[in-house]
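Residue numbers (our numbering): 323 to 750.
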Ligand code: PMP
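In structure tokens:
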């Protein structure tokens, strides 16, 4: 039998790599440019996944590539803790200035989102000398042992991997449109049943839950959490790994909630356009709690990734990408809302800026329709558009297109999306 290149690679993948590293498609990347991606057989796709929210500045932005190339010619690694370099400090200065709040801040760099989240908790524990951490149902904070314990979704992230570190508690996420009282009651109950407030080091939240379904936090809930943290000396940690770097129409999603400042803000993903880099930015006095040597890592703040991040910040500013994201997100929301009549499975269109999602239920019910969601994804893929799903019930499609996407490609993707939704509705 004559197998295609993609089929041959799928067979090798199955034989050589564990099934736990699941992949969405059945095709393999060859090259990519801005919002376009080609597979090894020359098939072209529009990329509305962006490597899971990493490519806000698009694939191979010329300024990002130039910055990486320039750094490649100087050095690729010294380990910052052995021989430091200015780029690390300059990027920390940038993030200290660009993240919300004018107070004194410091930033430490790591490689992955999970690693940054874990270090944010370590810093909060060192500062408060307390153990407890509160996170939320539906949250995603990563796959390493502590980050996955913070994650509020069992399948597929936690199943079979326990026991998890102790002193982690989950409350219901106070998304827009849900009951704030329910979360308040749950947190008060935690303080009665599980842990006293004076032993809680940190509350960790996503301003918009990413993997959990693009659920936007209620502004009022955030104000309540801030007041709770102030009352009990708890460190409030905003996980902006997915919401950061222009995705929500602002550089950081917390700018949508100007009355609430997090004590620590964690960023990663689009920060360095695909090079592994994450950052923990926080109040200077909190960040300085761990002793020298307590933070870091061999690759943490890798010079190539730092160079890429400097270029990303420049591109965000020069091309006004947060504002462009807001405009594109508004267009996409309008298209999805117009389709509601033709696609009765659509029960919600939501998000902030370009962090847009559409949710599907079985027609006329409040049962989440994961099968329909998969069908939409498959229809789109067949027409050359890569879409990702999300949501605790796997019934949400999220859109993570590059904010640099040319108008013509955005229009092409919208047309594919419309056709795919109509086709899925017709066959349901
Ligand atoms: N936090 C959030 C909000 C995320 O979306 C993710 C990744 N999807 C992570 C943390 C973990 O990041 P990483 O995969 O780089 O460890």
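C-beta atoms are modelled at their ideal positions from N, C-alpha and C, and glycine is treated no differently.
Check: Residues that DSSP places opposite residue 603 in a beta bridge; Outcome: 429 and 587
Check: Assigned exposure category for residue 537 - 16 Cβ within 10 Å defines buried; Outcome: buried
Check: Residue 742, buried or exposed, once every other Cβ within 10 Å from all chains shown has been counted against 16; Outcome: buried
Check: Sufficient close CB pairs (3 or more, under 8 Å) joining the region 468-477 to the region 634-649; Outcome: no
Check: Cβ shell of residue 594 (< 7 Å), same chain only, five flanking positions each side left out; Outcome: 627, 630, 631 and 634
Check: Run of the beta strand (DSSP E) containing residue 523, from where it starts to where it stops; Outcome: 522-527
Check: Neighbourhood of residue 734 by C-beta distance below 8 Å, restricted to the same chain and skipping five residues each side; Outcome: 368
Check: Proximity winner among 697, 679, 682 and 646, relative to residue 729 (alpha-carbon distances); Outcome: 646
Check: Residue span of the beta strand (DSSP E) that contains residue 362, given as start and end; Outcome: Residue 362 -> no beta strand (DSSP E), and no H or E assigned at all.
Check: For residue 451 and residue 588, the rounded distance between their alpha carbons; Outcome: 21 Å
Check: Classification of residue 476 by the beta-carbon crowding that lies within 10 angstroms, buried from 16 upward; Outcome: exposed
Check: Contact test: residue 561 Cβ vs ligand 1 heavy atom, cutoff 8 Å; Outcome: yes
Check: DSSP three-state assignment for residue 676, whether helix, strand or coil; Outcome: coil
Check: Minimum length 4: unbroken alpha helix (DSSP H) runs contained in the region 410-486; Outcome: 435-450 and 467-472
Check: 8 Å contact criterion, which residue 727 and residue 357 should meet: CB distance rounded; Outcome: 4 Å
Check: Proximity of residue 569 and residue 461 at Cβ, strictly below 9 Å; Outcome: no
Check: In DSSP terms, what residue 718 is bridged to; Outcome: 681 and 712
Check: Reference residue 528; option with closest CA among 499, 584, 335 and 745; Outcome: 584
Check: Buried versus exposed call for residue 346 [16 or more other C-beta atoms within 10 Å across all chains shown]; Outcome: exposed
Check: Residues bridged to residue 690 (per DSSP); Outcome: 683
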